[in-house]
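Chains as they are written, first to last, in our numbering: chain A, 357 to 684; chain B, 357 to 684. Before any comments, here is the structure.
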């Protein structure tokens, strides 16, 4: 990160990828000095007139997220859009970053002058992940990217964080097989605006058509995220490209409706306030877990055995936090 | 409530309904002196050797919960069981108690010597409701009730609290119509161990059979609450009694499997620890909302407008709680 704040801001606005990449690294840093620099940088960025289309994408490993994102991204850049892909990657914690991996996965898109592909670790709390993702999106938008695709493999709470910062949230599923088999977590289907049945080609075409029907039926039992905008199911073959244009059309249409109705402004304001309360909750629970005024292990054991009531134990923990005796 | 603790304990154990009813009133009271008496009473009760079967029941208004619970309860008492029904009733806050209402709803059961029917308000936090419900269950078990049915109409967070204290959780739905139309909240279907299609008789019989198939298909997409115990869908006609025996058989079978596998002990220990953390979270968020060190309204407005970052605002709120400057 350049010491020079003005230089960094100018670089990002001018679309300098290196300046953008460095700023995102700052967003991800847990060092207090970086967080301070980061807050300054975000404040120094001009307020965006044009807001990007924020598209969240999740699905089990192997379902074809990268292939679809590459197909979508290439379609978008051909339409004259500038596309940023932020991959929230649990593996990057383990393997020390997988930026190369992503660049390898999305070869054409990563090389395209109008696209930017970046992996970020998914570590930390739900609130922390939501913050970093939202800040990275803000940086990409300042750098002139009009479509921001946020990808997550869906381990831990990352889908919830990604759904919370997305305007349109896509869930990718394979044709056939219950989702139990696909390892889709509870509640994820209810966050999805669009369920995409991938690999809808060749031998799997018939199976995919069946799956589309099954998902439509299943989704009819769930309350959509935005009232008046029921969830949709779309078959796509990222390999042949079939369905990708239809999918993008649906995403554009949904976003336009959110935008023109004023719902988007409202949704984003709600997202920010929700993010504040998630961060309050995370911070306070963290303080509670770090309290050294009492032994949490002993207390938990007593509660589990039934010798201390959960509420008596909770009252003790709350008092410890309020007395600020936590080590956090 | 008798001043005499030993008398109260003896009364409850002897199966005196008045003593049980008075103790539950104490559990529901928000007065500190009552809560203190209540804690003493719960501690004084002997540890239960036999644990009851805790059955949660939810569903939209008008779906037939009372009719089904009466049919189930009468079946159970005929089997030699003693049945307590705890109805978590959001309306009782508004109308100053609806015990009479419930007694009118479940006429035969409420009059049966081996049954106990009680309505409780659903006011307060999720943690508070979970506490009161769990304590009321404990009192009923001490009074010798072997089947505890906890009913909630599912407004606010009451289903989550009820599911959290239940061994088996039942969701009642009407034949036909998506659940959107039935007003079932997000995530509730995922808590259900058994989905019951009510009114499966007469003109609706065919529609009910269809619904059973649709729900089976929809549930196959969700991960069951207990691994290895997939959710089940059962058609029931509470009026004719068809299916009630099958339903009770399934409940008994599921419970027996939970019990013999040791999962029940584990589940209940987890429920208690979860309840502790929910109460910690509720208490801390309550303290955060009550903080008078800063104006939450102004802060929320600034966050919604984007002039203050959600995380900067959260940090201020957390500090205010830790400094114990809240008025709560």
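Note that the Cβ used here is the ideal one computed from N, Cα and C, for glycine as well.
Look up residue i in the DSSP assignment and say whether it is helix, strand or coil.
i, result
"residue 645 of chain B", "helix"
"residue 434 of chain A", "helix"
"residue 364 of chain A", "helix"
"residue 592 of chain A", "coil"
"residue 410 of chain B", "strand"
"residue 476 of chain A", "strand"
"residue 604 of chain B", "helix"
"residue 634 of chain B", "helix"
"residue 470 of chain B", "coil"
"residue 381 of chain B", "helix"
"residue 503 of chain B", "strand"
"residue 415 of chain A", "strand"
"residue 549 of chain B", "coil"
"residue 370 of chain B", "coil"
"residue 403 of chain A", "coil"
"residue 441 of chain B", "strand"
"residue 526 of chain A", "strand"
"residue 376 of chain B", "helix"
"residue 621 of chain B", "helix"
"residue 656 of chain A", "helix"
"residue 508 of chain A", "strand"
"residue 666 of chain A", "helix"
"residue 579 of chain A", "coil"
"residue 490 of chain A", "helix"
Measuring alpha carbon to alpha carbon, tell me which of the options ends up nearest residue i.
i, options, result
"residue 665 of chain B", "A:505, A:627, A:554 and A:530", "A:627"
"residue 725 of chain B", "B:616, B:474, B:410 and B:553", "No information on residue 725 of chain B is available, as it lies outside the stretch 357 to 684 that chain B covers here."
"residue 551 of chain A", "A:524, A:648 and A:501", "A:524"
"residue 377 of chain A", "A:422, A:494, A:461 and A:416", "A:494"
"residue 412 of chain B", "B:433, B:509 and B:367", "B:509"
"residue 426 of chain A", "A:584, A:580 and A:596", "A:596"
"residue 418 of chain A", "A:555, A:372 and A:373", "A:555"
"residue 461 of chain A", "A:436, A:487, A:424 and A:431", "A:424"
"residue 421 of chain A", "A:579, A:662, A:600 and A:375", "A:600"
"residue 642 of chain B", "B:618, B:620, B:650 and B:677", "B:677"
"residue 578 of chain B", "B:549, B:398 and B:435", "B:549"
"residue 610 of chain B", "B:635, B:387 and B:583", "B:583"
"residue 431 of chain B", "B:634, B:365, B:605 and B:398", "B:605"
"residue 671 of chain A", "B:661, B:631 and B:671", "B:631"
Given residue i, which residues of its chain have a CB within under 8 Å of its CB, disregarding the five upstream and five downstream residues?
i, result
"residue 489 of chain A", "442, 444, 476, 506, 517, 518 and 521"
"residue 638 of chain A", "481, 482, 483 and 484"
"residue 613 of chain A", "585 and 619"
"residue 640 of chain B", "677"
"residue 679 of chain B", "649"
"residue 410 of chain A", "493, 504, 506, 521, 522, 523 and 524"
Excluding five sequence neighbours on each side, which residues of the same chain lie with their C-beta closer than 7 Å to the C-beta of residue i?
i, result
"residue 363 of chain A", "none"
"residue 492 of chain A", "380, 383, 442 and 476"
"residue 537 of chain A", "Low per-residue confidence applies at residue 537 of chain A: pLDDT is 43, beneath 50, and the placement is therefore not dependable enough to give any value."
"residue 501 of chain B", "408, 438, 439, 440 and 472"
"residue 433 of chain B", "439, 468, 470 and 471"
"residue 580 of chain B", "586 and 587"
"residue 531 of chain A", "553, 555, 556, 560, 563, 564 and 567"
"residue 622 of chain A", "none"
Using C-beta distances below 6 Å, list every residue in its chain close to residue i, excluding the 5 sequence neighbours before and after it, in chain order.
i, result
"residue 603 of chain B", "590 and 592"
"residue 575 of chain B", "587"
"residue 394 of chain B", "382 and 383"
"residue 496 of chain B", "440 and 504"
"residue 669 of chain A", "655 and 659"
Using 8 Å for Cβ pairs, my map puts residue i next to residue j. What's the rounded Cβ distance?
i, j, result
"residue 498 of chain B", "residue 369 of chain B", "6 Å"
"residue 515 of chain B", "residue 414 of chain B", "5 Å"
"residue 659 of chain A", "residue 629 of chain B", "6 Å"
"residue 646 of chain A", "residue 673 of chain A", "With a Cβ gap of about 11 Å, residue 646 of chain A and residue 673 of chain A do not count as contacting."
"residue 573 of chain B", "residue 573 of chain A", "6 Å"
"residue 607 of chain B", "residue 571 of chain B", "Actually they do not touch by this definition, with Cβ atoms about 17 Å apart."
"residue 667 of chain A", "residue 487 of chain B", "5 Å"
"residue 361 of chain B", "residue 400 of chain B", "6 Å"
"residue 527 of chain B", "residue 544 of chain B", "6 Å"
Residues of chain C with CB closer than 7 Å to the CB of residue i, please, in chain order.
i, result
"residue 555 of chain B", "In the structure shown, chain C cannot be found, because the protein chains are A and B."
Please confirm whether any heavy atom of the ligand SAM lies closer than 6 Å to the CB of residue i.
i, result
"residue 410 of chain B", "Absence of the ligand SAM is noted for the structure shown, with no ligands found whatsoever."
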